[in-house]
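S.K.: Below are the structure tokens for one structure; questions will follow.
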Amino acid sequence: MTSVEDDERKEEKTPKKPHLPDPHLVRSNSKVMTAGPSQQPLAAKPSSPQISDSESKRIPELKTHMKSKMTKEEIRKRMEKVLKSGNYKMKVGRLIFWDFGGQYVYYTTHQTFMTFRALFLVVFDGSKGLHEVVPDVLCFPGQHMTPTPAVFLQHWVNSILTYCKVVYVGIPKILFVATHKDKIPVEDVESRREKLYNGVDELFKDHEGRSHLVLTQRIFVNARDNTDTEIEVLKKAITELTFDHPCWGEKMPNACVPLELEIAELVAEGKQILSLEDVEELNAISKVSVLSPEQLKDFLHFHHSLGKLVYFDTPQLKDFVIINPLLMVEVMRSFVTGIYVNT
Numbered sequence: 001m002t003s004v005e006d007d008e009r010k011e012e013k014t015p016k017k018p019h020l021p022d023p024h025l026v027r028s029n030s031k032v033m034t035a036g037p038s039q040q041p042l043a044a045k046p047s048s049p050q051i052s053d054s055e056s057k058r059i060p061e062l063k064t065h066m067k068s069k070m071t072k073e074e075i076r077k078r079m080e081k082v083l084k085s086g087n088y089k090m091k092v093g094r095l096i097f098w099d100f101g102g103q104y105v106y107y108t109t110h111q112t113f114m115t116f117r118a119l120f121l122v123v124f125d126g127s128k129g130l131h132e133v134v135p136d137v138l139c140f141p142g143q144h145m146t147p148t149p150a151v152f153l154q155h156w157v158n159s160i161l162t163y164c165k166v167v168y169v170g171i172p173k174i175l176f177v178a179t180h181k182d183k184i185p186v187e188d189v190e191s192r193r194e195k196l197y198n199g200v201d202e203l204f205k206d207h208e209g210r211s212h213l214v215l216t217q218r219i220f221v222n223a224r225d226n227t228d229t230e231i232e233v234l235k236k237a238i239t240e241l242t243f244d245h246p247c248w249g250e251k252m253p254n255a256c257v258p259l260e261l262e263i264a265e266l267v268a269e270g271k272q273i274l275s276l277e278d279v280e281e282l283n284a285i286s287k288v289s290v291l292s293p294e295q296l297k298d299f300l301h302f303h304h305s306l307g308k309l310v311y312f313d314t315p316q317l318k319d320f321v322i323i324n325p326l327l328m329v330e331v332m333r334s335f336v337t338g339i340y341v342n343t
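Going by full-length UniProt numbering, the residue at position 140 of the sequence shown is 140; the numbering climbs one at a time, nothing skipped.
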């Protein structure tokens with residue numbers, strides 16, 4: 001994102017002659033490529049060149065000529081060449097968000113999706129005290145603890161650190177987010193924030209996994225208000241923690257891309273599960289690159305760790321690949337049920 005303004009300055013120094021568009025020239029639009037609105041004053045913008053009648057008659061011909069000559073493939077190649085030139089650089093990343101259900105019924109399913117490659121947000125109701133009893137909420141199987149926010153915070157931290165294997169020290173990171181700020185009087189918000197997060201700090205003071213906890217961010221949001229400034233603070237925290245993750249920017253072989261795109265296309269069409277034989281066939285018919293059997297297994301394990309698909313390399317399950325992980329949630333929900341007893 002650094003070269004557009006320099007290019008515009010160079011163009012302003014050199015007088016421009018009115019000209020017709022070259023049918024073989026593809027130019028990038030600086031307004032599209034820059035991150036914000038143009039800073040060029042209106043007076044500095046070049047006026048439209050005057051075109052004679054004879055030239056204007058030629059314009060439809062030129063447009064037709066350009067349309068017939070410039071194929072989609074040529075446009076793609078030219079855009080790729082411009083992007084690879086390094087003139088336009090932006091730090092962009094794609095994140096996958098999983099919203100784990102907090103209800104009792106889902107407690108036995110979460111470990112399927114927990115991975116050290118993730119950043120975890122543990123969200124709790126900030127309108128309640130950490131040791132305040134939460135009514136009408138079941139605690140944990142086989143336990144008779146009093147359900148309080150503190151108990152649930154400890155449960156989720158312990159679950160995350162239990163089911164995520166340790167590959168990097170202090171990874172994964174766990175960020176706490178207090179909600180329901182709208183239920184607190186405006187004048188009491190800051191004192192409530194301090195009380196909540198001082199309590200969280202004390203709660204995990206001697207916890208073995210303290211290095212995984214992000215305790216410097218004391219986020220307290222009103223999720224009902226899209227204009228709440230704390231939401232931007234939360235977004236910034238997620239961005240910074242993500243870019244700091246040791247797995248961020250991890251290089252993958254280009255050979256994996258065609259198969260990944262093929263699977264994504266099937267998911268978009270509504271396909272949810274493939275046999276391993278189907279995946280091997282998809283890989284074999286690739287016109288770009290074909291993965292070896294070892295590379296294919298690495299591909300499946302890696303994308304499983306990302307949460308993009310579910311693959312268990314065990315004798316009973318290794319012959320199937322769930323390409324839409326949401327299917328696992330639906331399947332588990334169909335037979336994992338919570339039992340409520342009225343007393």
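For each residue, glycine too, the CB sits at the ideal point set by N, CA and C.
Just so it is clear, the structure is predicted and the values come from calculations on it, not from any experiment.
Using alpha carbons as the reference points, say which of S305, T162, I174, L274 lies closest to L241.
M.R.: Looking at the Cα atoms, I174 is the closest of the given residues.
S.K.: Compare the beta carbon distance of A255 and S305 with 7 Å and say whether it is the shorter of the two.
M.R.: No, the Cβ-Cβ distance between A255 and S305 is not below 7 Å.
S.K.: Could you name the residues that DSSP lists as bridge partners for A178?
M.R.: F124, F220, per the DSSP bridge assignment.
S.K.: Which residue or residues does DSSP assign as beta-bridge partners of L119?
M.R.: Per DSSP, K173.
S.K.: Using the three-state DSSP reduction, which class does V257 fall into: helix, strand or coil?
M.R.: Three-state result, V257: helix.
S.K.: Identify which residue in G170, G249, P325, H131 has its Cα closest to the Cα of G209.
M.R.: It is G170 whose Cα lies nearest to the Cα of G209.
S.K.: Since P172 and H212 are thought to touch, with beta carbons under 8 Å apart, how far apart are those beta carbons, to the nearest angstrom?
M.R.: Going by Cβ atoms, the distance from P172 to H212 rounds to 6 Å, so yes, they are a contact pair.
S.K.: Would you identify the three-state DSSP class for F97, choosing helix, strand or coil?
M.R.: Reduced to three states, the DSSP call for F97 is coil.
S.K.: From the DSSP output, which residues share a beta bridge with I322?
M.R.: Answer is I273, V310.
S.K.: Taking buried to mean at least 16 other C-beta atoms within 10 Å of its own C-beta, is K181 buried or exposed?
M.R.: Counting Cβ neighbours within 10 Å, K181 comes out buried, since at least 16 surround it.
S.K.: Considering E250, what are the terminal residues of the alpha helix (DSSP H) in which it resides?
M.R.: Element bounds for E250: n/a, residue is neither H nor E.
S.K.: If you count every other CB in all the chains shown that lies within 10 Å of the CB of A264, and 16 or more means buried, which is it?
M.R.: It counts as exposed.
S.K.: Would you tell me roughly how many angstroms separate the C-alpha atoms of L261 and S286, rounded to the nearest one?
M.R.: Cα-Cα distance, rounded: 11 Å.
S.K.: Does H303 pass the burial test, meaning 16 or more other C-beta atoms within 10 Å, or should it be called exposed?
M.R.: Under this definition H303 is a buried residue.
S.K.: Considering Cα atoms alone, identify which of I219, P246, P253, A223 is closest to A237.
M.R.: Of I219, P246, P253, A223, the residue nearest in Cα terms is I219.
S.K.: Should S47 go down as buried or exposed, given a rule of 16 or more other Cβ atoms within 10 Å for buried?
M.R.: In this prediction, S47 scores a pLDDT of 42, lower than 50, which makes its location untrustworthy; the coordinate-derived value is nonetheless stated afterwards. S47 comes out exposed.
S.K.: Within 10 angstroms of its Cβ, does P135 collect 16 or more other Cβ (buried), or is it exposed?
M.R.: Exposed, since its Cβ has fewer than 16 Cβ neighbours within 10 Å.
S.K.: Contact defined as beta carbons within less than 8 Å: I believe I323 pairs with Q272. What is the distance between those atoms, to the nearest angstrom?
M.R.: Confirmed, about 7 Å.
S.K.: Just the C-alpha distance for H207 and T162, rounded to the nearest angstrom, thanks.
M.R.: Distance between the alpha carbons of H207 and T162: 13 Å.
S.K.: May I ask you to report which of helix, strand or coil DSSP gives V290?
M.R.: Residue state, collapsed to three classes: coil.
S.K.: Is the beta carbon of L317 closer than 7 Å to that of N283?
M.R.: No.
S.K.: Under a Cβ-count criterion, where at least 16 other Cβ atoms within 10 Å of its own Cβ denotes burial, should G126 be classed as buried or exposed?
M.R.: Buried, by the Cβ-count rule.
S.K.: The alpha helix (DSSP H) spanning L196 covers which residue range?
M.R.: 189–203 is the extent of the alpha helix (DSSP H) around L196.
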